[in-house]
């Protein structure tokens, strides 16, 4: 579990740097809300990481065990990117800052792929609840460091450039610490290296070509529509274009026989209700993603709190509540067999995290109050932490150990769709309808996930029971040989 804590910390630390902390930096620098909302798209690599996950699964770095080499390289690269970001000013270098933030997200997403696969191979089925809780705990501690503590350091002492230099040092230390992580046995690769590279490059080329070609037909602003309507039209076109590029890339991967990508997909879709399960992964935390998309900008600009106050209350208190929620969620999952605890945890925690978004609505319709802010943040993060612990256990249950890296990358990428894509629409909705109506709408966004969860109850219980049986079968030979 100590190993999971270290790797969970390494996985969680970069997310805030390209998310809430970057959002705070842009807000303090005076950028408009629409631009800040669109900066959520720097998280796009988290939604497409399944595309290169097979390469991380297939290739090893010289001199280090499988998985371990990537887990050392990724934080080292993130440290270098943070060092480069520390030389920039948002108002003057917005484009370059965006490029570096996307690159940081790409390396961070790659790190997540390897960590998720490592954790899946390390844990037995009945350990997944506790493992999920430890991972979420360490992940959230890391977000405190790169979120709450970072905001206070930037406001009081280091400044924004100094903050990113300090983060570069932290990542260098993480890379050194990961050298001592033990290796785990992985499934040996069965395909030639050139086959994997060919499949990946063809898929990338086709997807990029479709996107570039489609961009030529982007709708122009119409005088018959309001500026907000034109923005929503553009956002809708971009979403459809990305979907078309994604489908085209998958078609190309199948045509050129990209086995490390298509074999995990085929195995997943061979099971009953596979499409509904994928939809559940996308929608389960959608309401939570909407509420959190602009939470930092809301507290800074909407309510007028300082960066240090947001860091101390929103990040520090929020993290403590999330950790408590994750531990409670892990305890609930671990106290009974997974087949009996997983679905009830997902259901009740899902309802809790949906209703907790109304705390932000109450904050938006009330006068500025530190006590109310602290209460709202504590409630929302407590419920969110419990929901996350159950959700991570669900993702591990859905994964076939033969394709642990690729399948978990696919599932976690789909889980990130809400967090990434709601950013632009959240900014437009908040500007158009105001903060109270925006936060009220997050409750509606949570409904589809709960409906899907209710309809999939038997399937989830069957999957959890199968995972436990499969783990017992794996343990029997090793116990017999002792």
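Numbering (my numbering), first residue to last: 1258 to 1739.
Even for Gly, the Cβ is constructed at its ideal location relative to N, Cα and C.
Please read these numbers as outputs of a predicted model, since none were measured by experiment.
Proximity below 8 Å, CB of residue i to CB of residue j
i, j, result
"residue 1581", "residue 1641", "no"
"residue 1264", "residue 1372", "yes"
"residue 1340", "residue 1425", "yes"
"residue 1311", "residue 1505", "no"
"residue 1710", "residue 1634", "no"
"residue 1552", "residue 1422", "no"
"residue 1370", "residue 1338", "no"
"residue 1267", "residue 1431", "yes"
"residue 1408", "residue 1567", "yes"
"residue 1599", "residue 1647", "yes"
"residue 1281", "residue 1564", "yes"
"residue 1713", "residue 1535", "no"
"residue 1387", "residue 1587", "yes"
"residue 1554", "residue 1284", "yes"
"residue 1576", "residue 1397", "yes"
"residue 1410", "residue 1420", "yes"
"residue 1302", "residue 1362", "yes"
"residue 1607", "residue 1559", "no"
"residue 1515", "residue 1457", "yes"
"residue 1511", "residue 1499", "no"
"residue 1391", "residue 1261", "yes"
"residue 1453", "residue 1592", "no"
Close-in-space but distant-in-sequence residues of the same chain around residue i (CB under 7 Å, 5 per side omitted)
i, result
"residue 1531", "1525"
"residue 1699", "1544, 1547, 1548, 1614"
"residue 1561", "1625"
"residue 1501", "1467, 1471"
"residue 1377", "1653, 1656, 1658, 1661, 1665"
"residue 1509", "1459, 1460, 1463"
"residue 1353", "1345"
"residue 1737", "For residue 1737, the predicted structure reports a pLDDT of 34, less than 50, and the residue's modelled location is therefore unreliable. A value from the coordinates is still provided. Cβ within range, chain order: n/a, list empty."
"residue 1697", "1618"
"residue 1305", "1670"
Residue nearest to residue i in terms of C-alpha spacing, selected from the options
i, options, result
"residue 1549", "1324, 1421, 1277", "1277"
"residue 1393", "1304, 1649, 1562, 1354", "1649"
"residue 1621", "1395, 1695, 1417, 1710", "1695"
"residue 1308", "1321, 1459, 1415", "1459"
"residue 1679", "1493, 1335, 1313", "1493"
"residue 1605", "1652, 1476, 1578, 1541", "1541"
"residue 1521", "1280, 1690, 1663, 1404", "1663"
"residue 1721", "1395, 1457, 1288, 1597", "1597"
"residue 1476", "1495, 1465, 1469", "1495"
"residue 1589", "1579, 1578, 1601", "1601"
"residue 1579", "1360, 1375, 1401", "1401"
"residue 1503", "1513, 1473, 1465, 1523", "1465"
"residue 1651", "1391, 1603, 1723, 1667", "1603"
"residue 1418", "1686, 1279, 1705, 1627", "1279"
"residue 1366", "1416, 1667, 1594, 1627", "1667"
Sequence-distant residues of the same chain with beta carbon closer than 6 Å to residue i, five excluded per side
i, result
"residue 1716", "1530"
"residue 1702", "1543, 1544, 1547"
"residue 1259", "none"
"residue 1451", "none"
"residue 1290", "1684, 1688"
"residue 1637", "1613, 1616"
"residue 1718", "1596, 1600"
"residue 1539", "1671, 1674"
Sequence-distant residues of its chain with Cβ nearer than 8 Å to residue i (five each side left out)
i, result
"residue 1248", "Because the chain is modelled from 1258 through 1739, residue 1248 falls outside the range shown and cannot be assessed."
"residue 1368", "1267, 1268, 1271, 1327, 1328, 1331, 1332, 1335"
"residue 1623", "1629"
"residue 1360", "1338"
Near the ligand SAM: residue i beta-carbon under 7 Å from a heavy atom
i, result
"residue 1560", "No copy of the ligand SAM occurs in the structure displayed, which carries no ligand at all."
CB contact below 8 Å: residue i versus chain D
i, result
"residue 1280", "Annotation note: the requested chain D is absent from the structure, which comprises a single protein chain."
With three or more beta-carbon pairs closer than 8 Å as the criterion, would you say the segment 1599-1617 touches the segment 1344-1354?
no
Does the segment 1324-1337 come into contact with the segment 1294-1306, if we say contact requires no fewer than three beta-carbon pairs (one atom in each stretch) closer than 8 Å?
no
Does the structure place the segment 1664-1671 close enough to the segment 1579-1596 that three or more beta carbon pairs sit under 8 Å?
no
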